[in-house]
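Novice:
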Amino acid sequence: MKATIDKDANILIAGARGLVGAGILRKLKREGFSRILAPTHAELDYLNQSVVHEYFSKNRINLVFFAAAKVGGILANNKFQADFLYENLMMATNTIHAAANYGVDKFLFLGSSCIYPKLAPQPIREDSLLTSSLEPTNEGYAIAKIAGLKLCEMYQRQYGKNFISAMPTNLYGPGDNFHPEHSHVIPGMMRRFHEAKLNGLKEVVVWGTGKPMREFLHVDDLADALLMVLEKYEGAETINVGSGVDCTIRELAEMMKSVTGFTGKLVFDASKPDGTPRKILEISKLKALGEFSPRPLAQGLAETYRWALENKVFDSAR
Ligand code: GFB
Numbered sequence: 010m011k012a013t014i015d016k017d018a019n020i021l022i023a024g025a026r027g028l029v030g031a032g033i034l035r036k037l038k039r040e041g042f043s044r045i046l047a048p049t050h051a052e053l054d055y056l057n058q059s060v061v062h063e064y065f066s067k068n069r070i071n072l073v074f075f076a077a078a079k080v081g082g083i084l085a086n087n088k089f090q091a092d093f094l095y096e097n098l099m100m101a102t103n104t105i106h107a108a109a110n111y112g113v114d115k116f117l118f119l120g121s122s123c124i125y126p127k128l129a130p131q132p133i134r135e136d137s138l139l140t141s142s143l144e145p146t147n148e149g150y151a152i153a154k155i156a157g158l159k160l161c162e163m164y165q166r167q168y169g170k171n172f173i174s175a176m177p178t179n180l181y182g183p184g185d186n187f188h189p190e191h192s193h194v195i196p197g198m199m200r201r202f203h204e205a206k207l208n209g210l211k212e213v214v215v216w217g218t219g220k221p222m223r224e225f226l227h228v229d230d231l232a233d234a235l236l237m238v239l240e241k242y243e244g245a246e247t248i249n250v251g252s253g254v255d256c257t258i259r260e261l262a263e264m265m266k267s268v269t270g271f272t273g274k275l276v277f278d279a280s281k282p283d284g285t286p287r288k289i290l291e292i293s294k295l296k297a298l299g300e301f302s303p304r305p306l307a308q309g310l311a312e313t314y315r316w317a318l319e320n321k322v323f324d325s326a327r
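Note that my numbering has the sequence shown beginning at 10, numbered continuously upward.
Quick look at the structure:
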């Protein structure tokens, strides 16, 4: 898909060193964009409103991919709720407000599927937002992301700003956080299965009951979708970005066994939280924008494991 956005537009990727931001950076470089701003945390602290405004006043920014966030898996979200709410709220409001003040042409705000109600009808439609209570383990993060997407929607309605938002499903891929405790399920499991194989363990622990279902999207497929969304989507309501396929955590663990070569037994630790029972996204709005064919999960897992080994990810407890 060739982007129709001006190739020498000044594009800011907020969060360019994270899983999503790095995926967007790879995509924009592949598409031949030449003026990409990818400041490090030290160069631009999104928690500091005056620093953010000064950055926008100094750089004529045309487009923003907002992928800066404090993120983590179910345990991290549950343990650090105040930090997840405060930091994600501040980063979102500071950046959206500065973008409105300094004439950004288009702003794409990113959240995640956890903004939807815990027991939303499945697959989850965008209009189920705020229709019932959230999953308690990630309420802080979800409320911050809901505030961000609502702020974009309201800047569109009140000031006519071309500010949009997209809600990706659970993501994985190169550049993910593989921390043993604070990571999401795929990197967390991948590390655990890899270490179990290396140490010749007879069994490996999988958190929860294994019954919850999750949809997963490789970050490079997300980046393909996000460029299409930035180029073609103008709606005030948020837009879901998912693979359209989900599986149980148990099925994921079985796939992880074959990807890592671990041959022992799975032990499910029901003392760990399951979180939302299911959260597969309804993606007809995305499909209406154009062709989108994400890679199968088994392929993406194998590619990610190869990347992790090549980059010696398991040698350090990040
Ligand atoms: O990926 P995960 O941490 O986040 O957990 P959520 C998904 C499911 O995998 C839960 C189970 O049911 C976990 O109990 N699980 C099994 C594991 N083994 C593991 C493991 O080793 N590590 C982890 N982390 N989980 C997050 C939200 O919810 O989804 C975030 O907390 C964000 O805010 C993210 O929205 C996309 O999918 O449950």
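Glycine residues also receive a C-beta, built at the ideal position from the N, C-alpha and C atoms.
Note that the structure is a prediction, hence the values are computed from the model and not measured.
For the ligand GFB, is there a heavy atom less than 7 Å away from the beta-carbon of P132?
Specialist: No, since every heavy atom of the ligand GFB falls outside the 7 Å radius drawn around the Cβ of P132.
Novice: In its own chain, which residues sit with a C-beta less than 7 Å from the C-beta of N97, not counting the 5 before and 5 after it?
Specialist: Within the same chain, N97 has close Cβ partners A78, K79, Y150, A153 and K154.
Novice: Give the straight-line distance between the Cα atoms of E260 and V322, rounded to the nearest whole angstrom.
Specialist: Roughly 24 Å separates the two Cα atoms.
Novice: Compute the beta-carbon to beta-carbon distance between L239 and K115, rounded to the nearest angstrom, for a pair I have assumed lies under 8 Å.
Specialist: Indeed, because the Cβ distance is near 6 Å, the residues count as touching under 8 Å.
Novice: Compute the Euclidean distance between the alpha carbons of G2 and M265, then round it to the nearest angstrom.
Specialist: As displayed, the chain neither begins before 10 nor continues past 327, which places residue 2 out of reach and without an answer.
Novice: Can you look up N172 in the DSSP assignment and give me helix, strand or coil?
Specialist: It is Phe, not Asn, that sits at residue 172 in the sequence shown. Three-state result, F172: strand.
Novice: With a 10 Å radius around its C-beta and 16 neighbouring C-beta atoms as the bar for buried, classify H50 as buried or exposed.
Specialist: With fewer than 16 Cβ atoms within 10 Å of its Cβ, H50 is classed as exposed.
Novice: For V228, count neighbouring Cβ atoms within 10 angstroms of its own Cβ and tell me buried if that reaches 16, exposed if not.
Specialist: Buried, because 16 or more other Cβ atoms sit within 10 Å of the Cβ of V228.
Novice: Going by the beta-carbon positions, is the gap between S142 and C161 smaller than 8 Å?
Specialist: Cβ distance not < 8 Å, so S142 and C161 don't count as in contact.
Novice: Between which two residues does the alpha helix (DSSP H) carrying N186 extend?
Specialist: Where N186 is concerned, there is no enclosing alpha helix (DSSP H), given that its DSSP letter is neither H nor E.
Novice: I need the DSSP call for F42, collapsed to helix, strand or coil.
Specialist: Three-state result, F42: coil.
Novice: Comparing C-alpha positions only, which one of T104, G30, A91 and F89 sits nearest to P59?
Specialist: Looking at the sequence shown, residue 59 is not Pro but Ser. Minimum Cα distance to S59 is reached at T104.
Novice: What does DSSP give as the partner residues of T218 in its beta bridges?
Specialist: Answer by DSSP bridge pairing: none, since T218 is not bridged.
Novice: Bridge partners for C256 per DSSP, in chain order?
Specialist: R223, per the DSSP bridge assignment.
Novice: For W316, is the beta carbon positioned less than 7 Å from some heavy atom of the ligand GFB?
Specialist: No, the ligand GFB has no heavy atom inside 7 Å of this Cβ.
Novice: Let's test the definition: count the other Cβ atoms within 10 Å of the Cβ of N147 and tell me whether it reaches 16, buried, or not, exposed.
Specialist: Buried: at least 16 other Cβ atoms inside 10 Å.
Novice: Which parts of the segment 71–134 are runs of the alpha helix (DSSP H), unbroken and 4 residues or longer, counting only runs that do not cross its ends?
Specialist: List check, alpha helix (DSSP H) in window: 83–88 and 90–110.
Novice: Using DSSP with H/G/I as helix, E/B as strand and the rest coil, what is R26?
Specialist: Of the three classes helix, strand and coil, the one that applies to R26 here is coil, per DSSP.
Novice: Are the beta-carbon atoms belonging to Y314 and V268 less than 8 Å from one another?
Specialist: In contact: Y314 and V268 (Cβ atoms closer than 8 Å).
Novice: Quick check: F225 and T285, are their CB atoms within less than 8 Å of each other?
Specialist: Their beta carbons are not under 8 Å apart, which means F225 does not touch T285 by this criterion.
Novice: So does H227 have its beta carbon nearer than 7 Å to some heavy atom of the ligand GFB?
Specialist: No, Cβ of H227 sits at least 7 Å from all heavy atoms of the ligand GFB.
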